[in-house]
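So the protein sequences, as listed, match chains X and L.
Quick note: the first sequence uses this note's numbering, first residue 899, plus one each step.
Quick note: the second sequence uses this note's numbering, first residue 899, plus one each step.
Every residue, glycine too, gets a C-beta built ideally from N, C-alpha and C.
Here the structure is a predicted model, which means the values were calculated and not measured.
Protein chains: 2
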Amino acid sequence: MPEWDIERIDTPAVLVDLDVVEANLIRVQARAQARGLALWPHTKTHKSTWLAAKQLDLGAQGLTVAKLGEAEVMRAAGLHTLLIAYPLIGPIKLERMTHLLEHGATVRVALDSREAADTVAEAARRAGTEVGVLIEIDTEYHRVGVPPGEAALPLARYVADQHGPRYQGLFSFAGHMSGNLDEEGRRRILEREATILAQTRDILVRAGLAPEAISLGGTHHSARMEQLGLGTEIRPGTYIYNDRNTVIAGSCDEADCAASVLVTVVSAHETWAVIDGGSKTFTFDQSHLGGFGIVRGWPEIVFERMSEEHGILTWSGRTPLLRVGERLQIIPNHICPVINLHDASYGVRRGQVERIIRTDGRGKVQ
Amino acid sequence: MPEWDIERIDTPAVLVDLDVVEANLIRVQARAQARGLALWPHTKTHKSTWLAAKQLDLGAQGLTVAKLGEAEVMRAAGLHTLLIAYPLIGPIKLERMTHLLEHGATVRVALDSREAADTVAEAARRAGTEVGVLIEIDTEYHRVGVPPGEAALPLARYVADQHGPRYQGLFSFAGHMSGNLDEEGRRRILEREATILAQTRDILVRAGLAPEAISLGGTHHSARMEQLGLGTEIRPGTYIYNDRNTVIAGSCDEADCAASVLVTVVSAHETWAVIDGGSKTFTFDQSHLGGFGIVRGWPEIVFERMSEEHGILTWSGRTPLLRVGERLQIIPNHICPVINLHDASYGVRRGQVERIIRTDGRGKVQ
Chain X
899 MPEWDIERID
909 TPAVLVDLDV
919 VEANLIRVQA
929 RAQARGLALW
939 PHTKTHKSTW
949 LAAKQLDLGA
959 QGLTVAKLGE
969 AEVMRAAGLH
979 TLLIAYPLIG
989 PIKLERMTHL
999 LEHGATVRVA
1009 LDSREAADTV
1019 AEAARRAGTE
1029 VGVLIEIDTE
1039 YHRVGVPPGE
1049 AALPLARYVA
1059 DQHGPRYQGL
1069 FSFAGHMSGN
1079 LDEEGRRRIL
1089 EREATILAQT
1099 RDILVRAGLA
1109 PEAISLGGTH
1119 HSARMEQLGL
1129 GTEIRPGTYI
1139 YNDRNTVIAG
1149 SCDEADCAAS
1159 VLVTVVSAHE
1169 TWAVIDGGSK
1179 TFTFDQSHLG
1189 GFGIVRGWPE
1199 IVFERMSEEH
1209 GILTWSGRTP
1219 LLRVGERLQI
1229 IPNHICPVIN
1239 LHDASYGVRR
1249 GQVERIIRTD
1259 GRGKVQ
Chain L
899 MPEWDIERID
909 TPAVLVDLDV
919 VEANLIRVQA
929 RAQARGLALW
939 PHTKTHKSTW
949 LAAKQLDLGA
959 QGLTVAKLGE
969 AEVMRAAGLH
979 TLLIAYPLIG
989 PIKLERMTHL
999 LEHGATVRVA
1009 LDSREAADTV
1019 AEAARRAGTE
1029 VGVLIEIDTE
1039 YHRVGVPPGE
1049 AALPLARYVA
1059 DQHGPRYQGL
1069 FSFAGHMSGN
1079 LDEEGRRRIL
1089 EREATILAQT
1099 RDILVRAGLA
1109 PEAISLGGTH
1119 HSARMEQLGL
1129 GTEIRPGTYI
1139 YNDRNTVIAG
1149 SCDEADCAAS
1159 VLVTVVSAHE
1169 TWAVIDGGSK
1179 TFTFDQSHLG
1189 GFGIVRGWPE
1199 IVFERMSEEH
1209 GILTWSGRTP
1219 LLRVGERLQI
1229 IPNHICPVIN
1239 LHDASYGVRR
1249 GQVERIIRTD
1259 GRGKVQ
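Structure below.
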């Protein structure tokens, strides 16, 4: 593609600074390797096969996906080493999982029920292959996961006793790390998660089910690798782009934010202005500090409210700050669902468009 | 398509009950006609050219769209009579608007600035046609809109004095009708909107700029047509599907909700269960009553929280209510952004899939 100035991009549109992306990918990969942690980047953030391939090229062990549909997209692009971080339930998922395995994918799955284990076992048998299984432990986020300790034993044994699934170890997602916490609060969650997993591991070891892998999420973890204790692998997603919430949580600096939304002021008033992006551009994902994003270059402006296609920027005082036609860049609260709204993003370097990044996995919720 | 039971649909997926859709369309069209109101349905809710054509067949005067990209989708499907309820700003929008006009569209635009009026004027001149213009008045929602009264006069005159734009009248969107209000509060907003528009109209009439059209939104208005006073046309969107928030606002009954999300329980616990839809399926759009939707058939269950791909359902007591593999139907808080997340919905009638409804305008935020 010839050089193309961002002034020629219609709005609203997602811009991705490729210099920042590359720095983020290289930094986290190097830090994981230095600590002997395998990196399984979560592709739910970018949903791009091009960026996933880049993560593998830089040394990632495999790719994490949230849904089977995302796995299918990666597999179709020739990216075969996949961790599906989601229990697969029901006969339609079984058929699709079988198809995925029959078409060259090497898959691991995290799960917390016999029903999900049965899906994996049957798909593996039909495809004549093996599927790695991680037992998801509820480390107090209270989403998916069996209770820790002795309670994890029956499912681990159930999986280990079958042909097809290959018992590999434990999986945890301490999603409450995203809560409204100070750094000490986050440190305590990591400590508690490590304690829970260590106790569960010891019970499994005594039962002859020693875990070879202990898989931990996410970007708040990857920013605190020195506190992870016994993990053997890590699954950050947001770290590739970062966002307002990872900045607020102290998991990155604003300069590490690679993605922003380019918008145009469409209506200007004394105490507010309207931009051409609302919840269908930014989502209603919240921040503990209120507001919906960082308006780059305008620290005094608050992204205060939205409707579907309008964003309302406000400021104090009665002096109009923005004029109709002005273009702004906004870092959203949470980048992952924003990317999922857009068919593509614009990969830019020093103000020039270098590449269109298609959101290949957009909307693959099934 | 042969009959196809909804049991064969993979989850999560949006189901649309076609009997309810048809009843909603026919009822609102009939009520508008009985009151002499032109119906300009807002297509942002369904973003489907098939449903838009159905609305026109039933007597709608034209189609409202939020963004130029949605107008392009409708135009390409042969649906030419369009109201773009959004100011068009900047040179790229000008080029696209010109193209739209050159390819057969008959367009009206709502706007609140000279910049937006200039875009319309220039596109109309280039395409050798006319574009209807409605002056958007801020009726106290404080989004887009010039202040009411005398302040509306200069822009109305600016538009009326040009060739290309054809001054048609006034446009209002009292979005604060969706607020946390009782019926008396909503009545007062409608009354206030009517007063503001009447005063502004009188000023324009005295200035020789009598409005031929006064255009009002939305579903809360269309449910209260007897309170609208001086409107000549109405632009409801959500009424085709309805959702939890239109039920809560008293703008429809639960039986009028045509759209729901089919989900599967993927993890079951004593006091909660996890479904396979989170904010990438439902969005984080809020309700004044808390929670994220109505779980059909389970009034005791609360859709309490979400992450991107997980929904957490809770209940009181310590008796497990749901089992892994169970399928549920959930009416979301706000259906419009939900439809926008999904490439298609399943049009069903009495439990059988009758038609796939493509979300043709999905993601057309530009």
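Asked                                                                                                                                                                                        : Found
Using alpha carbons as the reference points, say which of X:Gly957, X:Asp955, X:Lys942 and X:Pro1052 lies closest to Ala964 of chain X.                                                      : X:Lys942
Over what stretch of residues does the beta strand (DSSP E) that includes Trp1170 of chain L continue unbroken?                                                                              : Trp1170 to Ile1173
Please confirm whether Ile1138 of chain X has its beta-carbon closer than 8 Å to some beta-carbon of chain L.                                                                                : no
Contact criterion: CB-CB distance below 8 Å. Does Ser1185 of chain X meet it with respect to chain L?                                                                                        : no
Compare the C-beta of Asn922 of chain L with all C-beta atoms of chain X and state if any pair is closer than 8 Å.                                                                           : no
Taking the CB atoms as reference points, tell me whether Val1236 of chain L and Leu916 of chain L lie closer together than 8 Å.                                                              : no
Indicate the three-state DSSP secondary structure (helix, strand or coil) for Asp1080 of chain X in the structure shown.                                                                     : coil
Looking at the secondary structure, which residues open and close the alpha helix (DSSP H) in which Phe1180 of chain X lies?                                                                 : Ser1177 to Phe1180
Could you name each continuous beta strand (DSSP E) segment of 3 residues or more that falls completely within the region 956–1041 of chain L, going from the start of the chain to the end? : 961–963, 979–982, 1004–1009 and 1029–1034
Does the distance from the C-beta atom of Tyr984 of chain L to that of Ala1015 of chain L stay below 8 Å?                                                                                    : no
Got a sec: which bits of the region 1009–1039 of chain X sit with their beta carbon under 8 Å from any beta carbon on chain L, in order along the chain?                                     : Asp1010, Ser1011, Glu1013 and Ala1014
Quick test of the definition: if touching needs 3 or more C-beta pairs under 8 Å, does the region 1196–1208 of chain L touch the region 1129–1137 of chain L?                                : no
Considering only the alpha carbon of each residue, which of X:Ser1076, X:Ser946 and X:Ile1112 lies closest to Val919 of chain X?                                                             : X:Ser946
Output, in sequence order along the chain, the residues in the region 923–951 of chain X whose CB is closer than 8 Å to any CB in chain L.                                                   : Lys942
Within its chain, find whatever has a CB closer than 8 Å to the CB of Leu977 of chain L; leave out the 5 residues flanking it on each side and keep chain order.                             : Thr947, Ala950, Ala951, Leu954 and Leu961
Does the CB of Trp1170 of chain L have a neighbour CB from chain A at under 8 Å?                                                                                                             : Reference to chain A is not applicable here, since the protein chains of this structure are X and L.
If we count the other Cβ atoms within 10 Å of its Cβ and call it buried at 16 or more, is Ile1112 of chain L buried or exposed?                                                              : buried
Grab me the residues of Trp902 of chain L's own chain with a C-beta within less than 8 Å of its C-beta, minus the 5 sequence neighbours each way, in chain order.                            : Gln1250 and Val1251
At which residues does the alpha helix (DSSP H) containing Ile1233 of chain L begin and terminate?                                                                                           : Ile1233 to Ile1237
Leaving out the 5 sequence neighbours to the left and right, which residues in its chain are closer than 7 Å to Lys1262 of chain X when beta-carbon positions are compared?                  : Lys965, Gly967, Glu968 and Val971
Since Pro1063 of chain L sits in a beta bridge, which residues does DSSP pair it with?                                                                                                       : L:Val1029
Quick check: is the beta carbon of Leu1053 of chain X nearer than 8 Å to any beta carbon in chain L?                                                                                         : no
How should Asn879 of chain X be labelled, buried or exposed, when 16 other C-beta atoms within 10 angstroms of its C-beta is the threshold for buried?                                       : One cannot answer for residue 879 of chain X here, as it falls past the ends of chain X, which runs 899 to 1264.
By Cβ distance below 7 Å, which residues in the same chain neighbour Arg864 of chain X in space, the five residues on each side in sequence not counted?                                     : Outside the displayed span of chain X (899 to 1264) sits residue 864 of chain X, for which this structure offers no information.
Please tell me whether Gln1264 of chain X has its Cβ less than 8 Å away from any Cβ of chain L.                                                                                              : yes
Counting Cβ pairs closer than 8 Å, one from the region 1011–1029 of chain L and one from the region 987–1001 of chain L, do we hit at least three?                                           : yes
If we define contact as Cβ-Cβ less than 8 Å, is Phe1182 of chain L a contact residue for chain X?                                                                                            : yes
Report yes if the C-beta distance between Thr1098 of chain X and Gly1047 of chain X is below 8 Å; otherwise report no.                                                                       : yes
Just to confirm, are Val1161 of chain X and Leu1226 of chain X a CB contact at a threshold of 8 Å?                                                                                           : yes
Where does Gly1259 of chain X fall in DSSP's three states?                                                                                                                                   : coil
Does the CB of Asp908 of chain L have a neighbour CB from chain X at under 8 Å?                                                                                                              : yes
Report the neighbours of Glu1202 of chain X on chain L: residues whose CB is nearer than 9 Å to its CB, in chain order.                                                                      : Those do not exist, as Glu1202 of chain X stays about 11 Å from chain L at its closest Cβ, beyond 9 Å.
Of all Cβ atoms in chain X, is any one closer than 8 Å to the Cβ of Val1222 of chain L?                                                                                                      : yes
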